[in-house]
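> Sharing a structure with you now.
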Amino acid sequence: MSAIDLPHARRLAFGVVLGQAGTTVVVAASAWAIADRLAARSALLGGGIATVASLAMAALALGGTAAADAQRALSAFYRGEATKLVLIVALFAAVLRWVRVAPLAMFVAFAATLLVYWIALLWALRTAGGVRGGVAGSG
Numbered sequence: 038m039s040a041i042d043l044p045h046a047r048r049l050a051f052g053v054v055l056g057q058a059g060t061t062v063v064v065a066a067s068a069w070a071i072a073d074r075l076a077a078r079s080a081l082l083g084g085g086i087a088t089v090a091s092l093a094m095a096a097l098a099l100g101g102t103a104a105a106d107a108q109r110a111l112s113a114f115y116r117g118e119a120t121k122l123v124l125i126v127a128l129f130a131a132v133l134r135w136v137r138v139a140p141l142a143m144f145v146a147f148a149a150t151l152l153v154y155w156i157a158l159l160w161a162l163r164t165a166g167g168v169r170g171g172v173a174g175s176g
């Protein structure tokens with residue numbers, strides 16, 4: 038059986054958000070260097086959408102009394118994930134409707150921020166395997 042270390046989970050989740058923000062800035066700077074200001078602004082918007090949605094998810098899923106019991110924790114994660122998805126759809130719809138963007142730059146930045154999740158997941162699994170690896174009761 039495995040227990041969630043809530044302070045560690047919070048650090049990891051908000052670290053992902055910070056990583057996404059950093060990735061957004063790097064992609065936007067690259068877009069400016071490769072293309073123009075429109076591409077840079079579009080990349081900021083695409084990465085910003087992912088970052089804001091992840092921040093909302095982390096705050097809802099891991100904030101407040103989310104860990105009071107298993108049922109509340111699960112409910113908080115569902116609420117957080119639903120909010121994240123709604124935010125992503127609503128923000129993309131708003132940006133595409135009211136802002137002139139370079140769609141490729143916007144979606145590349147959004148996709149780059151998704152890589153942050155995978156990198157963080159692999160890092161967390163590797164760290165957990167090295168620190169708390171093995172089966173309970175073995176040895």
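Residue numbers (the numbering used here): 38 to 176. Note that beta-carbon positions come from the ideal geometry of N, C-alpha and C, so glycine has one too.
(1) Short of 8 Å in beta carbon distance, which residues of its chain neighbour Gly52, apart from the five on each side in sequence? Order them along the chain.
(2) From the DSSP output, in three-state form, read off Val138 for me.
(3) Using beta-carbon positions only, say whether Ala50 and Ala113 come within less than 8 Å of one another.
(4) In whole angstroms, give me the CA-to-CA distance for Ala72 and Arg78.
(5) Going along the chain, which residues of its own chain have a beta-carbon closer than 7 Å to the beta-carbon of Glu118, five neighbours each way excluded?
(6) For Gly100, which three-state DSSP category applies?
(7) Suppose you measure from the CA of Ala165 to the CA of Trp155; what does that come to, to the nearest Å?
(8) Apart from the five residues on each side of it in sequence, which residues of its chain come closer than 7 Å, Cβ to Cβ, to Gly85?
(9) Determine the direct distance from the alpha carbon of Gly101 to that of Pro44, and round the result to whole angstroms.
(10) Assign Ala72 to one of three DSSP states: helix, strand, or coil.
(11) Report the option in Gly59, Leu81, Ala80 and Leu122 whose CA atom is closest to the CA atom of Leu97.
(12) Taking C-beta to C-beta, are Met143 and Gly83 nearer than 8 Å?
(13) I need the straight-line Cα distance from Arg134 to Trp160, nearest angstrom please.
On the basis of the data shown:
(1) Ala157
(2) DSSP, read as helix, strand or coil, puts Val138 in coil.
(3) no
(4) 11 Å
(5) Met94
(6) coil
(7) 15 Å
(8) Thr61
(9) 12 Å
(10) coil
(11) Leu122
(12) Closer than 8 Å, so yes.
(13) Roughly 37 Å between the two C-alpha positions.
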